[in-house]
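Just so we're aligned, residue 200 is where the sequence shown starts under the numbering used here, counting upward by one. Backbone N, C-alpha and C define an ideal beta-carbon position, used for all residues, glycine too. Please read all numbers here as calculations on a predicted model, not as lab measurements.
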Amino acid sequence: MSAVREWLTVYLKGVFMGAADAVPGVSGGTIALITGIYERLIGAITSLDPRALRYLPRLHRRTERAEFRAALVEMDIPFLLALGTGIVTALVTVARIMDYAFETYPGLVAALFFGLIAASAVVLYEHVSLDSPRRVAVAVFGFAFAFALSGPEVSNSMPNSPVFVFVAGSIAIAGMILPGISGAFFLYVLGQYEYLTGTLTEFTNALAGLLSGGSLAALVEPGVVVVAFCAGALIGLFSIAYAIRWALANYREATLTFLVSLMVGALRLPATKVLQNTPEVTPMAVGSVMAVAVAGGALVVLVDRFTEDIEFA
Numbered sequence: 200m201s202a203v204r205e206w207l208t209v210y211l212k213g214v215f216m217g218a219a220d221a222v223p224g225v226s227g228g229t230i231a232l233i234t235g236i237y238e239r240l241i242g243a244i245t246s247l248d249p250r251a252l253r254y255l256p257r258l259h260r261r262t263e264r265a266e267f268r269a270a271l272v273e274m275d276i277p278f279l280l281a282l283g284t285g286i287v288t289a290l291v292t293v294a295r296i297m298d299y300a301f302e303t304y305p306g307l308v309a310a311l312f313f314g315l316i317a318a319s320a321v322v323l324y325e326h327v328s329l330d331s332p333r334r335v336a337v338a339v340f341g342f343a344f345a346f347a348l349s350g351p352e353v354s355n356s357m358p359n360s361p362v363f364v365f366v367a368g369s370i371a372i373a374g375m376i377l378p379g380i381s382g383a384f385f386l387y388v389l390g391q392y393e394y395l396t397g398t399l400t401e402f403t404n405a406l407a408g409l410l411s412g413g414s415l416a417a418l419v420e421p422g423v424v425v426v427a428f429c430a431g432a433l434i435g436l437f438s439i440a441y442a443i444r445w446a447l448a449n450y451r452e453a454t455l456t457f458l459v460s461l462m463v464g465a466l467r468l469p470a471t472k473v474l475q476n477t478p479e480v481t482p483m484a485v486g487s488v489m490a491v492a493v494a495g496g497a498l499v500v501l502v503d504r505f506t507e508d509i510e511f512a
């Protein structure tokens, strides 16, 4: 019973991580810090060893099965599976909610994202350093780059292709496992967030339909996109995420300055979408937008209060 309780706890922590990563703002890595599993998560990821696959062709032997099982436990695979299942559960659930929200309340969703991103930039501002010309240049470049990238003429022109989704997944995974910026933030700036939430919902609907006797054809198109994202995330997990961790370890102030500047520059995107989807400037419309933005910001500030004594790493 204690083992079941332990894995259920890990699963629920994964749910919280997935929910955080499903919207721009607080990252799943931050939630991992709050719940006390961040070091174990990074340790498990960095201990993954593909050489364990050598046991697969010989699993019919008892000794090989035992060694394979021992290798999985040593890499903490059971922990990653329980955590990953929770993350996927939250991602699918939140994707459904956001897919509906984009269709029904696009202006308010943009306002929520504005509040989440703006508050995240504010709470991370203490890590920004502008005490040298080089760091000022880094900040200016980060802001200008994100501002240009988040313009409607650029964001709307981003291709919704498996290849680009692969690239977006490799970038987003860094935000998903590192404290600070949510992986959804990168997807949002790259113009893939709305597309991927809709595609994930379409994929899960097709999968449920297949299990109940539906057509396999309906699963193929969204399935290709989901596989492309997962493949990109897997590659990014062992490349971009490591690169960012190296940058934080060796150029911490400059890296955080760049990341926060990205967030500030990217506020152009939700601000533009709020204006586009709020055609009538009435007290009710303005009040609703401001209330949702403040609620998003308050959520980030609340999370920050729980992590104020945790070192950003």
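{"Asked": "Give me the Cα-Cα distance between residue 270 and residue 329, rounded to the nearest whole angstrom.", "Found": "46 Å"}
{"Asked": "Count the C-beta pairs between the segment 320 to 339 and the segment 452 to 462 that are closer than 8 Å, then say yes if the count reaches three, no if not.", "Found": "yes"}
{"Asked": "Taking all protein chains shown into account, do 16 or more other C-beta atoms lie within 10 angstroms of the C-beta of residue 420, making it buried, or fewer, making it exposed?", "Found": "exposed"}
{"Asked": "Nearest CA to the CA of residue 306: which residue from 341, 490, 477?", "Found": "477"}
{"Asked": "State the CB to CB distance for the pair residue 209 and residue 282, rounded to an integer number of angstroms; the pair is presumed to be in contact (CB under 8 Å).", "Found": "5 Å"}
{"Asked": "If you compare alpha carbons, which of 398, 416, 391 is closest to residue 223?", "Found": "391"}
{"Asked": "If you draw a straight line from the alpha carbon of residue 230 to that of residue 344, how long is it in whole angstroms?", "Found": "28 Å"}
{"Asked": "Whole angstroms are fine: how far does the CA of residue 241 sit from the CA of residue 436?", "Found": "11 Å"}
{"Asked": "Are residue 368 and residue 431 touching if we call contact CB-CB under 7 Å?", "Found": "yes"}
{"Asked": "By alpha-carbon positions, which one of 387, 499, 501 ends up nearest to residue 549?", "Found": "The first residue shown for the chain is 200 and the last is 512, placing residue 549 beyond what the model contains."}
{"Asked": "Do you know how far the Cα of residue 375 is from the Cα of residue 494?", "Found": "22 Å"}
{"Asked": "Where do the N-terminal and C-terminal ends of the alpha helix (DSSP H) with residue 392 fall, by residue?", "Found": "392 to 410"}
{"Asked": "Could you spell out the range, first to last residue, of the alpha helix (DSSP H) harbouring residue 250?", "Found": "Careful: residue 250 lies outside any alpha helix (DSSP H) and carries neither H nor E."}
{"Asked": "Given a cut-off of 7 Å, decide if residue 310 and residue 473 are closer than it, judged by their beta-carbon atoms.", "Found": "yes"}
{"Asked": "Runs of 3 residues minimum, wholly inside the segment 200 to 239: which ones carry the beta strand (DSSP E) assignment?", "Found": "none"}
{"Asked": "For residue 243 and residue 275, which I take to be in contact (beta-carbon distance under 8 Å), what is that distance rounded to the nearest angstrom?", "Found": "4 Å"}
{"Asked": "Quick one: measure Cβ to Cβ for residue 402 and residue 425, integer angstroms, because I've assumed they're closer than 8 Å.", "Found": "5 Å"}
{"Asked": "Within a Cβ cutoff of 7 Å, which residues of the same chain sit near residue 408, ignoring the five residues on either side of it in sequence?", "Found": "417"}
{"Asked": "Among the residues of its own chain, which have a CB less than 6 Å from the CB of residue 492, if the five just before and after it don't count?", "Found": "310, 313, 314"}
{"Asked": "Output the distance between the C-alpha atoms of residue 406 and residue 394, rounded to the nearest integer angstrom.", "Found": "18 Å"}
{"Asked": "Considering residue 375, what are the terminal residues of the alpha helix (DSSP H) in which it resides?", "Found": "361 to 376"}
{"Asked": "What runs of the alpha helix (DSSP H), each 4 residues or longer, lie entirely inside the segment 434 to 494?", "Found": "439 to 449, 451 to 465, 467 to 475"}
{"Asked": "Taking the DSSP output, what are the residues bridged to residue 296?", "Found": "DSSP lists no partner for residue 296."}
{"Asked": "Could you compute how far the alpha carbon of residue 428 sits from the alpha carbon of residue 389?", "Found": "13 Å"}
{"Asked": "Have a look at residue 487 and residue 308 and give me their C-alpha separation to the nearest angstrom.", "Found": "11 Å"}
{"Asked": "Which same chain residues, not among the five before or five after residue 300, have their C-beta less than 8 Å away from its C-beta?", "Found": "307, 308"}
{"Asked": "Can the beta-carbon of residue 385 be found closer than 7 Å to that of residue 370?", "Found": "yes"}
{"Asked": "Which same chain residues end up closer than 8 Å to residue 465 when comparing Cβ atoms and leaving out the 5 residues on each side of it in sequence?", "Found": "316, 345, 346, 348, 349, 384, 387, 388"}
{"Asked": "What separation, rounded to the nearest whole angstrom, lies between the Cα atoms of residue 294 and residue 262?", "Found": "43 Å"}
{"Asked": "With a threshold of 7 Å on Cβ separation, who are the neighbours of residue 499 within its own chain once the five nearest residues in sequence on each side are excluded?", "Found": "224, 225, 315, 318, 319, 322"}
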